[in-house]
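Numbering (the numbering used here), first residue to last: 592 to 1201.
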């Protein structure tokens, strides 16, 4: 199997691959209307898609049986309590299953289940198309298992340059050189972990030397595509001196390169799910480093133009020949992707070494370096939402021109920044706030993003926003782990959802949320006070893998019911408790600020004494 004339391989989060495909096609149509590209269809293929569909089908069936069993057990318990005259109903408790709104379509199960044959934990949800068709979606935890390798092909170079490489929907992306599906070392379950390095190199050499593969021709096309990407994309991320030196090396054809390998553990062979752990050398008969070195000794001339075949482990930039090996400060990274059933070779299109970020050399999927990128030295302990994740959430919100986008739990402001600066064709206005911005570390990171959108310090349960003044709400809610406990989160969410229902415009308002936990807890909190303000069933409740962690994406639409304050039993007491919680959070933030100042003063005093 050989990729098309222009072929890329992108890594997208499992559960959102349909959003990525729709976004690419939408961008293609926009470029076509502007006359920049021709109306050429993109061929988008998710690797192992048939096997993944089979895994999803099994999970849906087992979850349906599990839900039916739970429903029958709850019914028997309720009948027993009714017969004994007992009731554990509390004024502030969520509605019972009989009173709760039907958030999901009839016959659709949402939740998690362990597959009977493999015991792999799978979370199942759904998404609804515009025509009303319900499509099941599933995901799981683990970095490798929770990622989908998406191949994008086109016959038009301008589409690749203007649509695919400029898209902000995915992070790591490769310019594909070749794809091998007849490699005996990866298609055989018995040989996947037990084959020798000599056997693997022999299979790759057989494929490359085949005339129909046209490896050198495809390699040169991928290199040209990498050069165009440097000119159009890297210029904004590299400092001027590094970019000028890279331009000189490109002009002289004296590039620095390395070969990296990323392998997925076999795990469950009949699906693309693996244990999700990092590539351990003990799981294979040879290490990735030895494999890359041997591969260059055997196929160095095919992989790199005019490569001088010396010891690949030598980190020397003064070799005789056009290209030299540099394992740390490299310009070009050739990547060998080894998956069950497929082997691919490509060139990374992200400037990992220039941004001092981890690359494919780590054996794991690299981090998202989409601009604006802040490294670990700049962010410190502050956790920032991935730029690509923020973009996908905004894509799900179906933004329109002049929409006002609100993030009530903005953190450092990634979502408002993305809406304000990277949806410029929509002319959207992004605003957000967070009580955590009292923390000076978060304020510093938000300032580094150089955002022009509006950020404020506020409590999400008491938003200083006018009623029916916001078009779209997109937010990454606290997961109840690093920020707030689960009990505190359950106290906050009902008020937060009530404020969101108040701020959104009736009938046209949309809300897209990324949250942790389980959908049951989410919809229990949603039904507590603001359930009547949302359309039912919801359009999307799908699991998604974010950096190896399992989360849920919920899309809700506001109905035409006008918001009104109503007095519920126990609500005033509940409000008082949440106010105390907010005051405590504010006190903790101020305490952390004073401790940070004291620590800095203490360091200065110790340095002065020394």
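The beta carbon of each residue, even a glycine, is placed where N, CA and C say it ideally should be. As the structure is a prediction and not an experimental result, all values here were calculated from the model.
Close beta carbons around residue i, own chain, < 7 Å, minus the five adjacent residues each side
i: residue 1000; result: 1025, 1051, 1066, 1067, 1068, 1069
i: residue 1158; result: Since pLDDT at residue 1158 reaches only 49, below the 50 mark, its modelled position is unreliable, and the value read off the structure follows with that caveat. Counting only Cβ-Cβ distances below 7 Å, and skipping sequence neighbours, we find nothing.
i: residue 1124; result: 1092, 1149, 1150, 1152, 1154
i: residue 1034; result: 1028
i: residue 817; result: 766, 923, 938, 940
i: residue 933; result: 638, 770, 772, 777
i: residue 707; result: 653
i: residue 687; result: With a pLDDT of only 49 at residue 687, under the threshold of 50, the placement of this residue in the model should not be trusted; the figure read from the coordinates follows. Nothing meets the Cβ criterion.
The beta strand (DSSP E) enclosing residue i, as first and last residue numbers
i: residue 1147; result: 1140-1148
i: residue 743; result: 738-745
i: residue 727; result: 725-730
i: residue 1101; result: 1101-1106
i: residue 1076; result: Unbroken run through residue 1076: none, as it is neither H nor E.
i: residue 770; result: 764-771
i: residue 601; result: 597-604
Length of the line joining the Cα atoms of residue i and residue j
i: residue 966; j: residue 978; result: 13 Å
i: residue 682; j: residue 673; result: With a pLDDT of 45 at residue 682, under the threshold of 50, the predicted position of this residue should be treated as unreliable, and no value is reported.
i: residue 866; j: residue 733; result: Low per-residue confidence applies at residue 866: pLDDT is 42, beneath 50, and the placement is therefore not dependable, though the value from the model is reported in the following sentence. Roughly 7 Å separates the two Cα atoms.
i: residue 603; j: residue 761; result: 6 Å
i: residue 1130; j: residue 876; result: 47 Å
i: residue 1144; j: residue 988; result: 11 Å
i: residue 608; j: residue 695; result: 21 Å
i: residue 975; j: residue 1005; result: 7 Å
i: residue 936; j: residue 756; result: 18 Å
i: residue 1110; j: residue 969; result: 34 Å
i: residue 645; j: residue 1126; result: 31 Å
i: residue 874; j: residue 709; result: 19 Å
i: residue 1008; j: residue 960; result: 16 Å
i: residue 1084; j: residue 1140; result: 21 Å
i: residue 671; j: residue 698; result: 26 Å
i: residue 779; j: residue 973; result: 44 Å
i: residue 1106; j: residue 846; result: 44 Å
i: residue 913; j: residue 922; result: 13 Å
i: residue 728; j: residue 655; result: 14 Å
i: residue 599; j: residue 744; result: 7 Å
i: residue 651; j: residue 701; result: 9 Å
i: residue 963; j: residue 956; result: 19 Å
i: residue 794; j: residue 774; result: 6 Å
i: residue 1094; j: residue 998; result: 11 Å
i: residue 1003; j: residue 1036; result: 6 Å
i: residue 983; j: residue 610; result: 7 Å
i: residue 893; j: residue 840; result: 20 Å
i: residue 722; j: residue 1118; result: 27 Å
i: residue 819; j: residue 1010; result: 27 Å
i: residue 908; j: residue 917; result: Residue confidence for residue 908 is low, a pLDDT of 47 falling below 50, so the modelled location carries little weight; the figure read from the coordinates is stated next. C-alpha separation (whole angstroms): 6 Å.
i: residue 617; j: residue 1099; result: 21 Å
Contacts around residue i, its chain only, beta-carbon distance under 6 Å, and the 5 residues preceding and following it disregarded
i: residue 807; result: none
i: residue 993; result: 1018
i: residue 596; result: 746
i: residue 1063; result: 988, 994, 996, 1101
i: residue 742; result: 600, 636
Start-to-end residues for the alpha helix (DSSP H) that takes in residue i
i: residue 1134; result: Where residue 1134 is concerned, there is no enclosing alpha helix (DSSP H), although the beta strand (DSSP E) it sits in stretches over 1131-1137.
i: residue 812; result: 806-823
i: residue 855; result: Note, residue 855: premise wrong, no alpha helix (DSSP H); not H, not E.
i: residue 1155; result: No alpha helix (DSSP H) holds residue 1155; DSSP gives it neither H nor E.
i: residue 1056; result: Note, residue 1056: premise wrong, no alpha helix (DSSP H); not H, not E.
i: residue 833; result: 831-843
i: residue 795; result: 788-800
i: residue 1112; result: 1110-1120
i: residue 1066; result: No alpha helix (DSSP H) contains residue 1066, which is instead part of the beta strand (DSSP E) from 1063-1067.
i: residue 700; result: Premise fails: residue 700 is in no alpha helix (DSSP H) and is neither H nor E.
i: residue 778; result: 775-778
i: residue 968; result: 967-970
Sheet register partners of residue i (DSSP bridge)
i: residue 705; result: 712
i: residue 1095; result: 1061
i: residue 848; result: 916, 923
i: residue 1125; result: 1149
i: residue 1047; result: 1024
i: residue 717; result: 727, 1132
Check: residue i C-beta below 6 Å from any heavy atom of the ligand SAM
i: residue 1102; result: This structure simply doesn't include the ligand SAM, nor any ligand for that matter.
Cut-off 8 Å between Cβ atoms - residues of its own chain near residue i, not counting five sequence neighbours on either side
i: residue 787; result: 876, 877
i: residue 1116; result: 685, 1081, 1084, 1085, 1088
Contact with chain C by residue i, beta-carbon distance below 7 Å
i: residue 694; result: Going by chain labels, chain C is absent from the structure shown, which holds only one protein chain.
Considering only residues of the segment 607-647, which uninterrupted alpha helix (DSSP H) runs meet the minimum length of 4 residues and lie entirely inside it, listed in chain order?
608-624
Segments assigned beta strand (DSSP E), at least 3 residues, entirely inside the segment 875-950
923-930, 933-939
May I have a chain-ordered list of the alpha helix (DSSP H) segments no shorter than 4 residues that lie completely inside the segment 986-1045?
1005-1012, 1031-1039
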